[in-house]
Amino acid sequence: MTQLGTTTALPSLQDLLDPRNQADPYPLYSRWRTQTPLARLDDRLMVLTRYEDCAAVLRDGRFGHPEADDPRFAGRRPSLDVLVDDDGRPVRGFLGLNPPDHTRMRALVSQAFTRRRVERLAPRIEELTDELFTAMERTPGPVDLIEGLATPLPVAVISELLGVPTEDRHRMLTWSHAVAGALVPDFLLPPGAAEQEARARREFTDYLRELVVERRRAPGDDLLSALVTVHDDGDALTENELLATCTLLLIAGHETTVNLIGNGTLALLRHPDQLTRLRNDPALTDNAVEELLRYDSPVQLTVRFALQDAEVAGVPVPAGSTLLLLIGAANRDPAAYEHPERLDIGRTPLRHLAFGQGIHFCLGAPLARLETQIALRMLLARAPQVRLAGEPEWKDHITLRGLSRLPLSLG
Numbered sequence: 307m308t309q310l311g312t313t314t315a316l317p318s319l320q321d322l323l324d325p326r327n328q329a330d331p332y333p334l335y336s337r338w339r340t341q342t343p344l345a346r347l348d349d350r351l352m353v354l355t356r357y358e359d360c361a362a363v364l365r366d367g368r369f370g371h372p373e374a375d376d377p378r379f380a381g382r383r384p385s386l387d388v389l390v391d392d393d394g395r396p397v398r399g400f401l402g403l404n405p406p407d408h409t410r411m412r413a414l415v416s417q418a419f420t421r422r423r424v425e426r427l428a429p430r431i432e433e434l435t436d437e438l439f440t441a442m443e444r445t446p447g448p449v450d451l452i453e454g455l456a457t458p459l460p461v462a463v464i465s466e467l468l469g470v471p472t473e474d475r476h477r478m479l480t481w482s483h484a485v486a487g488a489l490v491p492d493f494l495l496p497p498g499a500a501e502q503e504a505r506a507r508r509e510f511t512d513y514l515r516e517l518v519v520e521r522r523r524a525p526g527d528d529l530l531s532a533l534v535t536v537h538d539d540g541d542a543l544t545e546n547e548l549l550a551t552c553t554l555l556l557i558a559g560h561e562t563t564v565n566l567i568g569n570g571t572l573a574l575l576r577h578p579d580q581l582t583r584l585r586n587d588p589a590l591t592d593n594a595v596e597e598l599l600r601y602d603s604p605v606q607l608t609v610r611f612a613l614q615d616a617e618v619a620g621v622p623v624p625a626g627s628t629l630l631l632l633i634g635a636a637n638r639d640p641a642a643y644e645h646p647e648r649l650d651i652g653r654t655p656l657r658h659l660a661f662g663q664g665i666h667f668c669l670g671a672p673l674a675r676l677e678t679q680i681a682l683r684m685l686l687a688r689a690p691q692v693r694l695a696g697e698p699e700w701k702d703h704i705t706l707r708g709l710s711r712l713p714l715s716l717g
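This note's numbering puts the sequence shown at residues 307 to 717.
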């Protein structure tokens with residue numbers, strides 16, 4: 307039986323907030339995984355760092371998301387509730403739901419947000435990437451990849467996907483940054499952050515309500531129109547469910563992709579042998595994106611809650627426990643990968659938890675992959691001599707790992 311660790315064997319969770327560890331959390335993860343891979347930090351909080359443990363919890367229906375008024379989890383949940391129904395009950399996107407509510411809602415959304423719809427976006431994503439790259443090429447001196455490409459590309463794509471007018475894209479960017487706090491557990495949020503994030507979500511949903519009215523009156527070919535009209539045996543998304551889903555899509559469709567493009571580019575630049583390998587063999591791009599997802603995951607942690615008594619790796623987990631799954635640590639577990647600290651764009655077989663696993667596997671994964679594949683191909687084709695032009699800067703975010711600045715020389 308795996309021995310359960312104690313707080314004396316682990317650094318404080320506050321170490322996750324240390325700027326030095328946010329710049330490079332992997333040595334910290336390695337110590338945690340080696341010293342106490344499954345640790346109880348108090349009577350209600352456990353931290354998991356191994357691949358198999360995290361994957362098992364993500365697949366296990368005994369772990370999920372509690373009802374908003376469940377007192378066992380007060381102050382522990384991510385702030386996923388943004389709306390209330392006519393009875394005053396919180397309405398969440400399917401990320402925060404359990405079956406059968408999750409099953410119903412995801413089935414409806416999946417009918418509208420199909421792989422075919424994503425694939426049809428490829429020519430437009432290439433066009434947008436070309437426009438942004440051309441603008442960077444015209445910039446004298448070094449360019450910031452985050453400002454010039456990694457941020458505007460996903461916000462343009464998710465805006466066009468939802469049918470948001472071009473003149474409102476800057477508002478989408480502001481809202482996306484703010485509502486990303488919904489993925490952070492309450493107990494890890496800095497003071498005042500929850501209130502700020504809630505205000506941004508209210509502004510976003512108020513804006514979406516107006517768009518929904520327009521789409522009901524005159525549906526278009528965008529995803530919002532498809533979500534408005536989708537039905538399954540007479541069932542349909544309520545307006546609040548629709549708004550909660552769009553809020554989730556904004557986070558999944560923008561923030562994670564920004565981080566994947568930025569983190570992935572930096573990883574390649576810091577491993578010139580792999581950069582040269584990819585430049586010489588563009589057919590490796592799809593596999594390279596999967597390895598970049600594993601190597602420096604845009605989503606570093608997620609939370610699950612024990613809805614009933616359970617166990618992980620032979621360790622009892624009482625109902626009411628909160629489990630912090632360190633995805634970034636799991637994706638570098640030496641028990642799951644050979645030489646996990648090494649970037650290898652030809653790694654096979656390649657599995658990772660960057661998009662989750664089980665019923666909550668990220669619905670936006672195909673879109674994030676497609677945007678990153680296109681961005682990397684164009685970067686290497688248009689800037690074969692690309693190199694770092696300064697020190698990268700990291701965002702202050704515990705769940706979503708990404709760069710705020712990545713200075714590059716393109717020539």
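Quick reminder that beta carbons are idealized off the backbone N, C-alpha and C, glycines included.
Roughly how many whole angstroms lie between the Cα atoms of residue i and residue j?
i, j, result
"residue 512", "residue 578", "47 Å"
"residue 314", "residue 659", "Because the pLDDT of residue 314 is 44, which lies under 50, any placement of that residue in the model is unreliable, and the number read from its coordinates should be weighed accordingly. Roughly 28 Å between the two C-alpha positions."
"residue 533", "residue 631", "31 Å"
"residue 592", "residue 683", "10 Å"
"residue 432", "residue 597", "22 Å"
"residue 656", "residue 491", "29 Å"
"residue 323", "residue 502", "19 Å"
"residue 373", "residue 407", "12 Å"
"residue 340", "residue 325", "22 Å"
"residue 434", "residue 459", "7 Å"
"residue 665", "residue 363", "11 Å"
"residue 442", "residue 555", "28 Å"
"residue 547", "residue 616", "31 Å"
"residue 473", "residue 465", "10 Å"
"residue 332", "residue 519", "47 Å"
"residue 627", "residue 508", "30 Å"
So, at 8 Å on beta carbons, what are the nonlocal neighbours of residue i in its own chain, with the 5 sequence-adjacent residues on each side left out?
i, result
"residue 448", "695, 696, 713, 714 and 715"
"residue 285", "Absent from the model: residue 285. The displayed extent of the chain is 307 to 717, so no value can be given."
"residue 650", "580 and 597"
"residue 585", "686 and 690"
"residue 693", "575, 714 and 715"
"residue 436", "684"
With burial defined as no fewer than 16 other Cβ atoms inside 10 Å of the residue's Cβ, what is the status of residue i: buried or exposed?
i, result
"residue 369", "buried"
"residue 612", "buried"
"residue 486", "buried"
"residue 454", "buried"
"residue 342", "buried"
"residue 463", "buried"
"residue 625", "exposed"
"residue 646", "buried"
"residue 402", "buried"
"residue 589", "exposed"
"residue 717", "exposed"
"residue 457", "buried"
"residue 412", "buried"
"residue 506", "buried"
"residue 608", "buried"
"residue 419", "buried"
"residue 348", "exposed"
"residue 540", "exposed"
"residue 521", "buried"
"residue 681", "buried"
Excluding sequence positions up to five away, which residues of its chain have a Cβ less than 6 Å from the Cβ of residue i?
i, result
"residue 639", "356 and 357"
"residue 602", "569 and 573"
"residue 563", "460, 674 and 677"
"residue 642", "357"
"residue 328", "700"
"residue 551", "399 and 415"
"residue 469", "526, 528 and 530"
"residue 610", "363, 369 and 629"
Please tell me whether, using a cut-off of 7 Å, the distance from the CB of residue i to the nearest non-hydrogen atom of the ligand PLP is below it.
i, result
"residue 598", "Ligands in the displayed structure: none, and consequently the ligand PLP is not present."
Select from the options the residue whose C-alpha is nearest the C-alpha of residue i.
i, options, result
"residue 708", "573, 691, 687 and 636", "573"
"residue 365", "679, 618, 530 and 551", "618"
"residue 557", "480, 321 and 711", "480"
"residue 672", "421, 367 and 362", "421"
"residue 685", "348, 582, 628 and 652", "582"
"residue 654", "478, 404 and 644", "644"
"residue 359", "698, 622 and 681", "622"
"residue 667", "350, 516 and 361", "361"
Kindly list the residues whose CB is nearer than 7 Å to the CB of residue i, restricted to its own chain and excluding five residues on each side of it in sequence; keep chain order.
i, result
"residue 675", "595"
"residue 599", "566, 658 and 660"
"residue 450", "711, 712 and 713"
"residue 514", "549 and 552"
"residue 535", "525"
"residue 605", "562, 633, 660, 705 and 706"
Run through the segment 497–555 for me and flag every whole alpha helix (DSSP H) of 4 or more residues, listed as ranges in chain order. Here the runs fully enclosed are 499–523 and 529–535.
Write down every uninterrupted run of the beta strand (DSSP E) in the segment 575–626 whose length is 3 residues or greater and which is fully enclosed by it, in chain order. Entirely contained in the segment 575–626, the beta strand (DSSP E) runs reaching 3 residues are, in chain order, 607–612, 616–618 and 621–623.
Could you pull out every unbroken alpha helix (DSSP H) segment of at least 4 residues lying fully inside the segment 642–679, listed in chain order? DSSP runs (the alpha helix (DSSP H)) wholly in the segment 642–679: none.
Run through the segment 422–482 for me and flag every whole alpha helix (DSSP H) of 4 or more residues, listed as ranges in chain order. Annotation: the segment 422–482 contains the following complete segments of the alpha helix (DSSP H) (minimum length 4 residues), in chain order: 428–443 and 458–468.
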